[in-house]
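Numbering (our numbering), first residue to last: 3 to 63.
Notes for the one structure printed next.
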């Protein structure tokens, strides 16, 4: 799996931020959970999915 080009990464960030705003504070967690599951299904590799979760959890404090 290759890394996303920086320009696309920036667009992805903006798209995600807008979608979180559209979901609203009460549904933010539900939206992010659904998004993670949809992306996990698209990736189709449980090891990659688990690695992404581990990476996302790093340095949350």
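Virtual Cβ for every residue (Gly too), placed ideally from N, Cα, C.
Computed from a predicted structure; not experimentally measured.
| query | What's the C-alpha gap between residue 45 and residue 54? | reply | 11 Å
| message | Need the endpoints of the alpha helix (DSSP H) that residue 23 sits in, please. | response | Run containing residue 23: 8–25, per the alpha helix (DSSP H) assignment.
| query | By Cβ distance below 7 Å, which residues in the same chain neighbour residue 24 in space, the five residues on each side in sequence not counted? | reply | none
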